[in-house]
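In full-length UniProt numbering, the protein residues as written are 1 to 72.
Backbone N, C-alpha and C fix where the C-beta goes; we use that ideal spot for every residue, glycine too.
A short write-up of the structure that comes next.
Set out below in structure tokens:
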């Protein structure tokens, strides 16, 4: 996972049929941010938390981008 606001990359191991919801929560906990303030994208598209790596056609070493929603 690449975080634009931290300019860092984190590696997570996930199984191809695991929903992203668990991964997203783990990442939010790690960076100490509220999950609802984060957007996760793959190939420029927002990822549904119920999607799986398999459903998105992901392969090893693919990158998920994480963006923090702007606050108003």
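Residue 43 holds the alpha-carbon nearest to the alpha-carbon of residue 66 among 16, 19 and 43. Comparing alpha carbon positions, the residue from 24, 59 and 48 closest to residue 35 is 24. Counting only residues of its own chain and dropping the five nearest sequence neighbours on each side, residue 17 has a CB closer than 7 angstroms to the CB of 52 and 54. Collapsing the DSSP output to three states places residue 30 in a helix.
Taking every protein chain shown into account, the CB of residue 27 has 16 or more other CB atoms within 10 angstroms, so this residue is buried.
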